[in-house]
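**Q** FYI, the numbering for the sequence shown is 3 to 121, going by this note's numbering.
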Amino acid sequence: MSSPTPPSSQLSNSFTTLINNYKTTTGARIKLIDTFLLFLLLSGVLQMAYRIVVTSYPYNAFLGGFGATAGQFVLLAGLRAQVSPGRDSEFKLVSQERAFADFCAASVVLHVFAYNFLG
Numbered sequence: 003m004s005s006p007t008p009p010s011s012q013l014s015n016s017f018t019t020l021i022n023n024y025k026t027t028t029g030a031r032i033k034l035i036d037t038f039l040l041f042l043l044l045s046g047v048l049q050m051a052y053r054i055v056v057t058s059y060p061y062n063a064f065l066g067g068f069g070a071t072a073g074q075f076v077l078l079a080g081l082r083a084q085v086s087p088g089r090d091s092e093f094k095l096v097s098q099e100r101a102f103a104d105f106c107a108a109s110v111v112l113h114v115f116a117y118n119f120l121g
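This is the structure we're talking about:
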């Protein structure tokens, strides 16, 4: 009988396989979107940490900045879903160019609202 592999080793192997598959099968466009998603996530976490640790004054500035970060994350996640390979079953009528144009227009509207909210 062979001894079972420890769970930490299995987790490490799974993570390594995931990273290798991501690097080989994911296109450059999707990797760029994923990098921006990671940046937005870290930016939101830092804004929330600053609000908790230091201060929330002025509160409307925090809400505007955090809302813009969260909104941009949601819009970008939607764009990623629309331009990912294998998307044809859900987004038959939307081309990748149209999806990007919609993303840009929605981003402008989001940032106009965030700017106006700052006061």
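No residue lacks a Cβ here, since even glycine has one placed at the ideal position from N, Cα and C.
Since this is a predicted model, take the numbers as computed values, not measurements.
#1: Mapping DSSP to helix, strand and coil, what is A94?
#2: Given I35, which residues of its chain have a CB within under 8 Å of its CB, disregarding the five upstream and five downstream residues?
#3: Between G66 and L120, how many whole angstroms is the CB-CB distance? I'm expecting something under 8 Å.
#4: Pick from M50, L112, R89, Q49: whose alpha carbon is nearest that of V76?
#5: Can you name the start and end residues of the alpha helix (DSSP H) that Y24 belongs to?
#6: Where does L120 sit, in a helix, a strand or coil, going by DSSP?
#7: Y52 by DSSP, collapsed to three states: which one?
#8: Compute the Euclidean distance between the alpha carbons of A70 and I21, then round it to the nearest angstrom.
#9: Indicate whether F1 and Q49 have their beta-carbon atoms separated by less than 9 Å.
#10: Quick one: what's got a C-beta closer than 8 Å to F38's C-beta in the same chain, skipping five residues either side?
#11: Assuming Y61 is part of the alpha helix (DSSP H), what are its boundary residues?
#12: Assign L95 to buried or exposed, taking buried as 16 or more other Cβ atoms, counted over all protein chains shown, within 10 Å of its Cβ.
**A** Looking at the coordinates:
#1: By 1-based counting over the sequence shown, the position of residue 94 is 92. In the sequence as displayed, the identity of residue 94 is Lys instead of Ala. K94 falls in the coil class under three-state DSSP.
#2: For this step, residue 35 is matched to residue 33 along the sequence shown. Answer for I35: L78, L81, R82, V85, listed in chain order.
#3: Here residue 66 refers to the residue found at position 64 when the sequence shown is read from its first residue. Here residue 120 refers to the residue found at position 118 when the sequence shown is read from its first residue. About 5 Å; that satisfies the 8 Å criterion.
#4: Taking the first residue of the sequence shown as 1, we reach residue 76 at position 74. The residue with the shortest Cα to Cα distance from V76 is L112.
#5: Within the sequence shown, the letter at position 22 stands for residue 24. Element bounds for Y24: 9-27.
#6: Residue 120 sits at position 118 when you count from the first residue of the sequence shown. Three-state DSSP puts L120 in coil, outside helix and strand.
#7: As a first step, residue 52 is located in the sequence shown; it is residue number 50 there, counting from the start. Three-state DSSP puts Y52 in a helix.
#8: The residue labelled residue 70 in the question sits at position 68 within the sequence shown. The residue labelled residue 21 in the question sits at position 19 within the sequence shown. Rounded to the nearest angstrom, the two C-alpha atoms are 30 Å apart.
#9: Here the chain covers residues 3 to 121 and nothing more, so residue 1 does not appear.
#10: In the sequence shown, counting from the first residue as 1, residue 38 sits at position 36. Taken in chain order, the residues that qualify are L78.
#11: Numbered from its first residue, the sequence shown carries residue 61 at position 59. That run of the alpha helix (DSSP H) goes 61-85.
#12: For this step, residue 95 is matched to residue 93 along the sequence shown. Exposed, because fewer than 16 other Cβ atoms sit within 10 Å of the Cβ of L95.
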